[in-house]
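**Student:** Respectively, the protein sequence lines represent chains G and R. Per UniProt numbering, the first sequence runs over residues 1 to 328. Per UniProt numbering, the second sequence runs over residues 1 to 330. Even for Gly, the Cβ is constructed at its ideal location relative to N, Cα and C. Below is the structure I would like to discuss, written out as structure tokens.
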Amino acid sequence: MSSIPHKNGAANVYTRGAISMLNNRSNGDGASLAVEDIDWDALTIKGTCQEIEKRYLRLTSAPDPATVRPEDVLEKALHMVETSEKNYLYKCDQLKSIRQDLTVQRIQNELTVKVYETHARFALQAGDLSEYNQCQSQLTRLYGEGIAGCHLEFSAYNLLCVMLHSNNKRDLLSSMASLSKEARLDETVKHALAVHSAVSSGNYVMFFKLYKKAPGLNSCLMDLYVERMRFEAIKCMSKSYRPTVPVRYVTRVLGFTRVDVLCEANVADGLEECEEWLKAHGAVLTVDENSGELQIDTKVSSASLYMPEPDNAVSHGDASLAVDDFLA
Amino acid sequence: TPTPSAASGTPTPPSRRLLGSAFLQEFRNWETPWAMEAMHMVALEIRLLAEKADRELVMSGKNPDKLQAAGSFLMKVFGALAVKGPKRVGALYVTCQLFKIYFRLGTVNLCRSVIRSIETARNFDFEDFPVKDKVTYMYYTGRLEVFNENFLVADQKLTYALMHCNPQSESNLRKILKFLIPVKLSIGVLPRRTLLEKYNLLEYADIVTSLRRGDLRLLKQALDRHEDQLLKCGVYLVLEKLELQVYRRLVKKIHIIQREKEPSKAHQIKLEVLVKTLQWLGITMDVDEVECIMACLIYKNLIKGYFAHKSKVLVLSKQDPFPKLNGKPV
């Protein structure tokens, strides 16, 4: 579609309708409305801007081609973001800007897929589920139109997301049913299915084993479920173990150790973190008379366990992941 | 009365809907429900035509929206019937048509509002409705409860449907059983093989066997083999959860064998025995995992007892270590 001529960036008759719709839409929850939901058909242009780095500025009027970057520049911009060492907020901002430029020019090809995949991956690493979901739905659409990309990797993420972060069994069933033969053989997908199996039967040992050796970014998605799984596990152990269960053991099987160890004696790191976590959740700890080892008094604990308010919750105990890091 | 149109080229849902709307308009004005059968006929036809139209739209690469439109129309019909007076007995039929549409479209969450109208509105006395409508209604609402994993309620509803279904209607009985059997399995009730054979539900045969035998590998194989089918009708997740019951059966068998060999020590099962048994059955699980499964079985009341971590022994309660599920799901 050739660029629509206009004077000084003013709207012409073709764009006026789209703009009024834009203005109507931007009332209310504008912040969460994805760039892709606006009807850009009437606004398609070809950009001429050459800036590789460009902040995201939400469009409120017809885009001036001089501010929109053409495809080759966007490729460079994507590369720049991928190799940048800056924090997530910066990358997110840059990527949203790239996404907008692509959408405005109706570019829907492998580059578009790459951009969404990149943004989705960064979002997962940062724990930004809402941004990830936006990208995932665009990717599902683009893959569905036959555009090449890492569709297997993302079908695994999609599975994990549905099973761990929504309670919708029907969505889970249809996601599982729509897996192709090829998908079921993919390692990342197989891992996701194994996680499902573990969660389904409450098998916390299996869950944390899978957590340790998660391919791709599966662990990022599992991250957000770790707290819940640990709490379920401790409830389970409090009911079924008598008289006690060693804290070392809990440290090992509930994924508090960084390295996989097979023997309790080798548990060194993670012990303190585990102890802190247990106390924060109401577990009653005692010291074994003979060995001097810290134990959970399961019978007493079973009555006193609780899930603390999110502020106090120690999900992965990594206090070094402070929010301030993102704002640096 | 509109007659079913023959399959000749493109059906004309828009014009059929106009006809339907016109009929509905008149129907609202009539005081008595004398035209109820005709109203039902209109409802049924609209749905069937819309389904056909959607199929044709998909084939020519267009967006299939006729069934959704049919749903909206039927909601209006429902509204006309959900009134005080004799017309209301016809409402359940239309409800069932709506269920069929929503299930087909996958928008089952829309069922909620109709269900609420039927079950809480004072206009309706459930007993007044015709039996066949009640059966269909219970079948669909039972299926919804399966999705929500409310197995006890699902059992009630699907059993009702089964009991009141026309015994001659084998295909309907089969449909009900397809969902009732997984529900029954979840609460520990196993069907006889003759039942599965009679209604051609042999995809469940191996699953039932695995529960009887405590054979985990067989369960996994059965789920694998029929995966597509089971995912499609939505019972896969329910059957997956039977895993724990299979483990329980296995532990019970070990307990029985130990009781014969050495009754005094029978209530103590060493972890290594469990691991070895599983290995022998072709399942490689490490010690941690087996211990975890035992803990889960106790936690979910499938086994009464406790696990002694230091000595790595599962200690069963001397009284009733394997309590009956008693209709309580895991």
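Can Phe126 of chain R be considered in contact with the ligand COA, in the sense that its beta carbon sits closer than 8 Å to one or more heavy atoms?
**Tutor:** This structure simply doesn't include the ligand COA, nor any ligand for that matter.
**Student:** To the nearest angstrom, how far is it from the Cα of Phe231 of chain G to the Cα of Leu160 of chain G?
**Tutor:** Cα to Cα, the separation comes out at about 19 Å.
**Student:** Consider the Cβ of Leu297 of chain R: report whether some Cβ of chain G lies at a distance smaller than 9 Å.
**Tutor:** yes
**Student:** Does Arg106 of chain G come within less than 9 Å of chain R when only Cβ atoms are used?
**Tutor:** no
**Student:** For Gly270 of chain G and Lys310 of chain R, what's the separation of their Cα atoms in angstroms?
**Tutor:** 21 Å
**Student:** Output yes if chain R places a C-beta closer than 9 Å to the C-beta of Glu309 of chain G; else output no.
**Tutor:** no
**Student:** Which of the residues in the region 169 to 186 of chain G, read from start to end, lie with their CB under 8 Å from any CB of chain R?
**Tutor:** Cβ contacts with chain R come from Lys169, Arg170, Leu172, Leu173, Ser174, Met176 and Ala177.
**Student:** Counting only beta-carbon atoms, is Ala308 of chain R nearer than 9 Å to chain G?
**Tutor:** yes
**Student:** From the DSSP output, in three-state form, read off Lys270 of chain R for me.
**Tutor:** strand
**Student:** Using a cut-off of 7 Å between C-beta atoms, extract the partners of Gly202 of chain G located in chain R.
**Tutor:** Cys296
**Student:** Identify which residue in R:Leu274, R:Arg193, R:His255 and R:Cys233 has its Cα closest to the Cα of His267 of chain R.
**Tutor:** Nearest of R:Leu274, R:Arg193, R:His255 and R:Cys233 to His267 of chain R, Cα basis: R:His255.
**Student:** For Ala62 of chain G versus Cys49 of chain G, is the C-beta distance shorter than 9 Å?
**Tutor:** Pairing Ala62 of chain G with Cys49 of chain G gives a Cβ-Cβ distance that is not under 9 Å.
**Student:** Within 10 angstroms of the Cβ of Trp34 of chain R, are there 16 or more other Cβ atoms? Answer buried if so, exposed if not.
**Tutor:** exposed
**Student:** Quick check: what's the CA-CA separation for Ile283 of chain R versus Gln97 of chain R?
**Tutor:** Cα to Cα, the separation comes out at about 47 Å.
**Student:** Return helix, strand or coil for Gln50 of chain G, following the three-state DSSP convention.
**Tutor:** coil
**Student:** Helix or strand or just coil, what does DSSP make of Gln108 of chain G?
**Tutor:** coil
**Student:** Alpha carbon to alpha carbon, how far is Gly214 of chain R from Ala308 of chain R? Give it in angstroms, no decimals.
**Tutor:** 24 Å
**Student:** Roughly how many angstroms separate the alpha carbons of Leu325 of chain R and Leu239 of chain R, rounded to a whole number?
**Tutor:** 16 Å
**Student:** Counting only Cβ pairs nearer than 9 Å, list the residues of chain R close to Cys236 of chain G.
**Tutor:** Cys292, Ala295, Cys296, Ile298, Tyr299 and Lys300
**Student:** Is the beta carbon of Gly202 of chain G closer than 9 Å to that of Cys296 of chain R?
**Tutor:** Using a Cβ distance threshold of 9 Å, Cys296 of chain R and Gly202 of chain G count as a contacting pair.
**Student:** Please list, in chain order, all residues of the same chain as Leu219 of chain R whose beta carbon is under 7 Å from its beta carbon, the five residues on each side excluded.
**Tutor:** Ile207, Ser210, Leu242, Glu243 and Val246
**Student:** What's the call for Cys165 of chain R, buried or exposed, on a 16-neighbour Cβ count within 10 Å?
**Tutor:** Answer is buried; the Cβ neighbour count reaches 16.
**Student:** Just how far apart, CA to CA, sit Leu81 of chain R and Gly90 of chain R?
**Tutor:** Straight-line Cα distance between these residues: approximately 7 Å.
**Student:** Hey, could you find the ends of the beta strand (DSSP E) Gln295 of chain G is sitting in?
**Tutor:** Leu294 to Asp297
**Student:** In chain order, what residues of the same chain lie with their CB nearer than 6 Å to the CB of Ala156 of chain G, ignoring the 5 residues before and after it?
**Tutor:** Thr188, Val189 and Ala192
**Student:** Could you name the residues of chain R that Arg242 of chain G contacts, counting a contact when the two beta carbons are closer than 7 Å?
**Tutor:** Result: Tyr306 and Ala308.
**Student:** Flag this pair as yes or no: are the beta carbons of residue 364 of chain G and His281 of chain G separated by less than 9 Å?
**Tutor:** Nothing about residue 364 of chain G can be read from this structure; chain G reaches only from 1 to 328.
**Student:** Below 9 Å between beta carbons: does that hold for Val287 of chain G and Glu293 of chain G?
**Tutor:** yes
**Student:** Anyone know if the C-beta pair for Ser97 of chain G and Tyr56 of chain G falls short of 9 Å?
**Tutor:** yes
**Student:** Excluding sequence positions up to five away, which residues of its chain have a Cβ less than 6 Å from the Cβ of Lys318 of chain R?
**Tutor:** His267
**Student:** For Phe322 of chain R and Tyr249 of chain G, what's the separation of their Cα atoms in angstroms?
**Tutor:** 27 Å
**Student:** Please classify Gly20 of chain R as buried or exposed, where buried requires at least 16 other C-beta atoms within 10 Å of its C-beta.
**Tutor:** buried
**Student:** I need the straight-line Cα distance from Tyr199 of chain R to Glu170 of chain R, nearest angstrom please.
**Tutor:** 7 Å
**Student:** According to DSSP, is Gly30 of chain G helix, strand or coil?
**Tutor:** Below a pLDDT of 50, predicted positions are generally treated as unreliable, and Gly30 of chain G, at 46, falls in that range; no measurement from the model is reported.
**Student:** Check Thr136 of chain R in the structure and name its three-state DSSP category.
**Tutor:** helix
**Student:** Using beta-carbon positions only, say whether Ile296 of chain G and Met237 of chain G come within less than 9 Å of one another.
**Tutor:** yes
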